[in-house]
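So the sequence shown is numbered by UniProt numbering: it starts at 1 and just counts up by one. Here's the structure we're looking at; comments come further down.
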Amino acid sequence: MTYEKRVTYEKRVAYERPGAHEKSATHENPAPSGLAADRVAHEAGGRLIVDGITLAPRPGTTLGLIGPNGSGKSTLLRLLAGVLAPAAGVVTLDGTPLPRLGRRQTARRLAVVDQHATTQVELTVREVVALGRIPHRRPFSGTTPADDRAVRDALDRTSLTDRADQSWHTLSGGERQRAHIARALAQAPRELLLDEPTNHLDIQHQLDLLNLIASLPVTTVIALHDLNLAAMFCDEILVLREGRAYAHGTPAEVVTEELIAEVYGVRARVTPPADALDHVSVRFLRTPPRQPGP
């Protein structure tokens, strides 16, 4: 029996069929508050990119999305954000489907950081960050002192204060990513969706950024490629494979040598946490080169 069937079958079913497992009580009776998705699906080019995924992260926690390229992580985040309309299923905030809330109301609650976010308009870093305040303004109204405070705080938290009046187009890739994180922080969301936010960042800024996100009083859904970072900063992890929920649980339950071999097709050594402050760690192993045939 494979790892998927033997260890995570019940958790997988709990995501795909609410009520199938006692740990999925929030799916059986969806939480009255927070972000949730019920059996959402998305099709493109005649292929299901996301296939029947249900999730309801606990308020204030971080849910990590991991899986190989093409497993559906970015598409699922766009469904959760309301950028894409599901072909089936529904995404809700506080039990209300996103289309009923409307874009402005959704944007007051939910912020998104896309890994390919860009702009063709000539804006300063401060102006990019200030875009996060638009959902909170009345039509045709100017900025308020609260807006200015939110922007200053977001710039400070992302170490961009000294770049505030610099053109966004002159920033490095990592600085641009931090500017978009700052824009999301200025939005003051209760739910935060991030697609590979550590791309283009050096190790120090990766850790600084993820520590900052972990300190925020928000519910976070974050797609990550780095399994060690996912194990370090996520309360729970959802593994995607070919658009479907493959496994779900705590990092210690999910990040195992068997799962890595089955999902990613590589060999690894996984070390369990040494204490309550530690996390599982992954060390990938080199595959011996193939010997030439006779």
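Don't be surprised by glycine CBs; every beta carbon is placed ideally from N, CA and C. Here the structure is a predicted model, which is why all the values come from computation and not from measurement.
Tell me, to the nearest whole angstrom, how far the beta carbon of residue i is from that of residue j; I am working on the premise that it is less than 8 Å.
i	j	result
A179	L160	6 Å
R190	V221	That pair is no contact at about 12 Å.
T62	A214	7 Å
V128	W168	5 Å
A81	L193	5 Å
A87	E43	5 Å
A268	V282	5 Å
F233	L210	5 Å
Buried or exposed, going by whether 16 or more other CB atoms sit within 10 Å of the CB of residue i?
i	result
V151	buried
D51	buried
A107	buried
G132	buried
G60	exposed
P145	exposed
D38	buried
G34	buried
T96	exposed
A223	buried
A247	buried
Suppose you measure from the CA of residue i to the CA of residue j; what does that come to, to the nearest Å?
i	j	result
I53	A41	7 Å
Q206	D235	18 Å
H279	N228	8 Å
V83	P288	44 Å
S141	D147	12 Å
G89	L79	10 Å
Q177	D162	16 Å
E258	T143	53 Å
P57	A36	7 Å
A274	R149	42 Å
D226	R137	37 Å
L216	A245	27 Å
T26	L55	Residue placement at T26 is flagged as unreliable, the pLDDT there being 36, under the threshold of 50; a coordinate-derived value is accordingly withheld.
G46	A85	16 Å
T75	Q204	28 Å
Beta carbon of residue i, beta carbon of residue j: below 9 Å?
i	j	result
V266	A231	no
L65	L48	no
residue 358	L285	With the chain running from 1 to 294 in the structure shown, residue 358 is simply not present.
D202	G243	no
A182	R157	yes
T263	P68	Checking the sequence shown, residue 263 turns out to be Val, not Thr. Yes, the pair counts as a contact, with Cβ atoms nearer than the cut-off.
A164	L155	yes
If you drop the 5 nearest sequence neighbours on each side, which residues of the same chain put their C-beta closer than 6 Å to that of residue i?
i	result
Q115	D195, E196, N199
Q166	V125
D153	none
A276	none
L98	G82, V91, T106
S71	L240, R241
P139	none
A31	The predicted model places A31 with a pLDDT of 44, which falls under 50 and marks its position as unreliable; any figure quoted below should be read in that light. Closer than 6 Å at the Cβ level, and outside the excluded window around A31, lie A56.
With a CB to CB cut of under 8 Å and the five nearest residues on each side skipped, what residues in its chain are close to residue i?
i	result
T250	D235, E236, I237
P272	A252, V280
D208	S159
Can you name, in chain order, every residue of its own chain whose Cβ lies under 7 Å from the Cβ of residue i, other than the five neighbours on each side?
i	result
R104	P135
R109	L93, P189, R190, E191
L101	L93
N29	Residue confidence for N29 is low, a pLDDT of 48 falling below 50, so the modelled location carries little weight; the figure read from the coordinates is stated next. Contacts found: none.
Kindly indicate if chain C contains any beta-carbon less than 9 Å away from that of residue i.
i	result
E127	Among the chains of the structure shown, chain C does not appear; only one protein chain is present.
Could you tell me whether any non-hydrogen atom of the ligand GTP is closer than 8 Å to the CB of residue i?
i	result
V254	For the ligand GTP, the structure offers nothing, since it holds no ligand at all.
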